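Protein chains: 2
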Amino acid sequence: MDLHIFSNIQKHISLSESEKLYLRNALPVKELKRKELVLRQGQICRNLYYVESGSLRAFNLNDDGKESTIMFAIRDWWVTDMNGFVNQKKAQLSIEALEHCRLLELSYDLLERLYTEIPKFERFFRILFQNAYIREQQRAFHNIALSTEQRYQYFIDKYPDIVEKITQKQIATYLGVTPEFLSAVKKK
Amino acid sequence: MDLHIFSNIQKHISLSESEKLYLRNALPVKELKRKELVLRQGQICRNLYYVESGSLRAFNLNDDGKESTIMFAIRDWWVTDMNGFVNQKKAQLSIEALEHCRLLELSYDLLERLYTEIPKFERFFRILFQNAYIREQQRAFHNIALSTEQRYQYFIDKYPDIVEKITQKQIATYLGVTPEFLSAVKKK
DNA sequence: AGCAGCTCTTAAACTATCTTAATTTTTATA
DNA sequence: TATAAAAATTAAGATAGTTTAAGAGCTGCT
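In order, the protein sequence lines correspond to chains A and B.
For the first sequence, the working numbering gives the first residue as 1, with consecutive numbering after it.
For the second sequence, the working numbering gives the first residue as 189, with consecutive numbering after it.
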């Protein structure tokens, strides 16, 4: 079988050939053009996406027009508005393709079925959420403890594959500063 | 059975009487006095703790002496340095009792055994980490998108039970501002 | 290839937040 | 309950970050 998602899943659990076949048929492929949205803020968030190829950005747009980037996702990442998804309610985030993307779409209903019918998926997503929690807690810590310069340096060191896909303005909205200020910080 | 932890676990999975008995015997009770540490930054983080009673604060102390509060934990919360715990490496955090505490101690080895021997614990912790991830992502979002005043208001609205246990200085280190500035923000 | 629209940079004026230090208020505990 | 320590407040001067505006450099699109 040829999908990246299988090696992603098999980092943590093993899959039989029949399970792979089942998944392959159950996960629709979604193709996106650059700048297209796979989720729009305010819509019910029905799916979790695995990124087979391409890159995306999840962001919030507030009433004043200020954008905040919540996460980037590149090949082999999972992405959605997780709060909207697990509670099946309106998304706080929009998710846009930064380039042409090929995604696999995992619906809420299918995921619930996977949990009960193939219990090792509980383990897989337990590990996925565990890692996601650790990453986000680290980010929240850095946000309150580090200078903008330190957070910028950490970001480009930790995510070099993301950095090459995105603009400096997008990094700024991820760090929570203006592009003008980030530019000034870099000059030093 | 009399422990709060059972109703905590049974929010998401069901436990038989024999499973409860097993857990009861496998989870040592740890009593802490006010200001005592249950984990010290730099030590290997061997345990995850459930708070039967009392309240705690997890914080980082950097080389300049600056404290950052990563989380508070009150009755019915789970707490540890999760990155240190899941990777069995040195903690970035210290965890101190804010008052007399009664904790249940779940070791790394026991948790790994629970995952394999009682697979529904995969489900329980999947849900736990899922919620923790959503919470931390929300926090990171607020840190980059909201003013100090808005983050303060959100904190006291969302965690009134925590607010009554802690000082304003501790809130400041959680929000990532100085106590002097938080005081000024409140005056408005 | 060329235009239109982004992105990046620079700078000045403005606002948010920090630092330091002194004073008052609250709290823990001998 | 008295006292010492910690927390909270206030204020002045310093630094970090924003806003606005303008110009230079890239990039995607036809």
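Idealized CB from N, CA, C, for every residue including glycine.
Quantities reported herein were computed from a predicted structural model and do not represent experimental measurements.
- In the structure shown, the three-state DSSP call for Lys33 (chain A) is coil.
- Interface residue (Cβ-Cβ distance to chain A less than 9 Å): Arg327 (chain B) is classified as such.
- Note on geometry: alpha-carbon atoms of Tyr154 (chain A) and Val163 (chain A) lie some 11 Å from one another.
- Taking a Cβ-Cβ threshold of 9 Å, the residues of chain B close to Pro119 (chain A) are Pro307, Lys308, Glu310, Arg311, in chain order.
- As computed with DSSP, Phe59 (chain A) is found in a beta bridge with A:Thr69, A:Ser94.
- Ranked by Cα distance from Val239 (chain B), the options B:Arg314, B:Glu284, B:Ser202, B:Gln229 are led by B:Glu284.
- Val79 (chain A) carries a strand assignment under DSSP once its states are collapsed to helix, strand and coil.
- For Gly364 (chain B), the nearest beta carbon of chain A is closer than 9 Å to its own beta carbon.
- DSSP, reduced to helix, strand and coil, places Glu324 (chain B) within a helical segment of the structure shown.
- Taking 9 Å as the threshold, the shortest C-beta distance from Phe194 (chain B) to chain A does not fall below it.
- Contact of Ala333 (chain B) with chain A is assigned, a C-beta pair being separated by under 9 Å.
- Counted as a single uninterrupted DSSP element, the alpha helix (DSSP H) harbouring Glu305 (chain B) occupies residues 296-305.
- Put simply, the backbone Cα of Ala214 (chain B) is about 19 Å away from that of Ile201 (chain B).
- Residues of chain A whose Cβ lies closer than 7 Å to the Cβ of Arg314 (chain B) are, in chain order, Glu122, Phe125, Arg126, Phe129.
- Against chain B, the CB of Lys169 (chain A) has no partner CB under 9 Å away; the residue lies outside that interface.
- Counted as a single uninterrupted DSSP element, the stretch harbouring Leu236 (chain B) is not any alpha helix (DSSP H) but the beta strand (DSSP E) occupying residues 235-241.
- In the DSSP assignment, Glu19 (chain A) falls within the alpha helix (DSSP H) that extends over 17-26.
- Shown in chain order are the members of the stretch 257-277 of chain B whose Cβ falls below 9 Å from a Cβ of chain A: Thr257, Ile258, Met259, Met270, Asn271, Val274, Asn275.
- With contacts defined by Cβ atoms closer than 9 Å, Asp81 (chain A) and Gln92 (chain A) form a contacting pair.
- Scanning chain A for C-beta atoms nearer than 7 Å to the C-beta of Ala320 (chain B) yields Tyr133, reported in chain order.
- Counting only Cβ-Cβ distances below 9 Å, Lys254 (chain B) has contacts in chain A at Ala145, in chain order.
- The alpha carbon of Leu175 (chain A) has as its nearest neighbour, out of A:Phe124, A:Asn8, A:Leu146, the alpha carbon of A:Leu146.
- By the Cβ-count criterion, Val29 (chain A) is exposed, with fewer than 16 other Cβ atoms from all chains shown falling within 10 Å of its own Cβ.
- Beta-bridge partners of Glu352 (chain B) (DSSP): none assigned.
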